[in-house]
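So for the sequence shown, numbering that gives the first Met the number 0 puts the first residue at 0; every next one is plus one.
All C-beta atoms, glycine included, are put in the ideal place defined by N, C-alpha and C.
The next block holds one structure in the form of structure tokens; read it before the comments.
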Amino acid sequence: MRHGIDDLMTLMQVLRDPEQGCPWDIKQDWDSIVPHTLEEAYEVADAIERRAYDELPGELGDLLFQVVYYAQFGAEEQRFDFNDIVDTLTKKMLRRHPHVFPDGTLASRRPPGVSAEEVQTQQVNSRWESLKAEERAGRATEAPSVLDDVPRTLPALSRAAKLSKRAARVGFDWPDARGVLAKIREELAEVEEALDAGDHQHAQEEVGDLLFAVTNLARTLNADPEQCLRGTNAKFERRFRYVERSLSAAQRPLVDASLDEMETHWQAAKALETQSQEKLLTDS
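Below, the structure is given as structure tokens:
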């Protein structure tokens with residue numbers, strides 16, 4: 000028997016039941032679940048980046064379970080329930096896609112014979128931003144800003160990318176990637192100046208500016224900075240593990256190896272990766 004969303008909602012209700020439920024689930028609240036939500040989202044991203052599609056149903060299920068948690072909290076406090084979440088989301092997506100649902104209903108469709116490619120992307124983006132601005136204005140308690148509702152709890156790189164993307168959409172941006180590169184050089188020079196002056200506090204601030212500029216370069220290249228850095232993290236880990244294995248095979252403890260020795264093995268790891276990539280291209 001295959002289970003559906005109603006079964007999942009029932010399962011959560013039982014887990015949270017004060018008399019019959021699970022002690023761990025019963026004591027959870029809004030704040031205690033947030034770290035788990037972030038972790039599950041990253042595990043989904045990790046499975047996708049590893050192309051581990053067989054793991055995705057389980058990882059997506061874990062992420063969905065976080066939503067069910069919040070829906071249960073909302074229902075218990077008579078704030079909202081899972082159906083309210085679905086209804087709010089569906090209405091918002093219908094409102095933001097008038098180029099697909101012209102009457103704002105699921106029953107309405109783009110006119111026959113008009114492909115998605117024929118819809119002007121610029122007009123769609125403009126309409127999307129206009130609708131989001133209206134939503135932000137409706138929620139704002141002070142003067143509305145294009146930077147409203149960018150979550151402060153996002154990872155710093157992701158938030159930097161979102162902030163700069165919002166600003167870029169209203170024209171606060173460099174004309175091209177070369178402009179961003181010039182900004183990166185400027186920020187790097189300021190880091191060096193602070194270090195030369197022995198002002199480490201100022202250097203830390205300038206490093207933040209440098210990271211923000213690099214994040215803008217990723218955005219300009221239509222790349223997600225978090226994904227870029229995760230890819231580099233994985234690459235570093237692969238190569239450093241190769242260094243460890245090579246030194247171990249030579250019976251050289253890592254702590255006794257010189258930097259030159261480690262660099263030699265690091266370069267060997269890079270060469271092997273290059274050969275492997277070239278072979279894949281040749282085979283394909």
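DSSP state of residue i mapped onto helix, strand, coil
i	result
Y52	coil
H98	coil
D45	helix
D28	coil
Q77	coil
A142	coil
G103	coil
F171	coil
V149	coil
L220	coil
P111	coil
R177	helix
Residue range of the alpha helix (DSSP H) that includes residue i
i	result
A270	L258 to D282
D24	P22 to I25
N232	P224 to A248
A196	It is not in any alpha helix (DSSP H) - A196 carries neither H nor E in the DSSP assignment.
L156	A155 to R168
Q19	No alpha helix (DSSP H) holds Q19; DSSP gives it neither H nor E.
T9	I4 to L14
Straight-line Cα distance separating residue j from residue i
i	j	result
K26	S157	31 Å
G3	C21	21 Å
P101	V85	20 Å
A40	A196	42 Å
E42	L228	16 Å
L188	D208	Position check: residue 188 holds Ala in this sequence, whereas Leu was assumed. If I take the Cα positions, the gap works out to 11 Å.
V145	E205	25 Å
D147	T219	22 Å
Q71	R15	8 Å
M8	L88	18 Å
V190	D5	56 Å
Q200	R49	38 Å
P174	L180	11 Å
D30	L37	12 Å
A212	K182	7 Å
L105	L210	43 Å
V254	N232	22 Å
G230	K269	15 Å
Y69	E243	44 Å
H98	K90	15 Å
G60	Y52	13 Å
D223	F64	26 Å
A249	L279	30 Å
L62	V169	33 Å
Any C-beta of chain D under 7 Å from that of residue i
i	result
K26	Looking at the structure shown, chain D is missing, and only one protein chain is on hand.
Where residue i falls, given that 16 or more other Cβ within 10 Å makes a residue buried
i	result
M0	exposed
E236	exposed
M92	exposed
V67	buried
T152	exposed
N215	buried
A159	buried
E277	exposed
F81	buried
S107	exposed
Distance cut-off 6 Å: residue i Cβ against heavy atoms of the ligand PLP
i	result
A167	Annotation note on the ligand PLP: not contained in the displayed structure, which lists no ligands.
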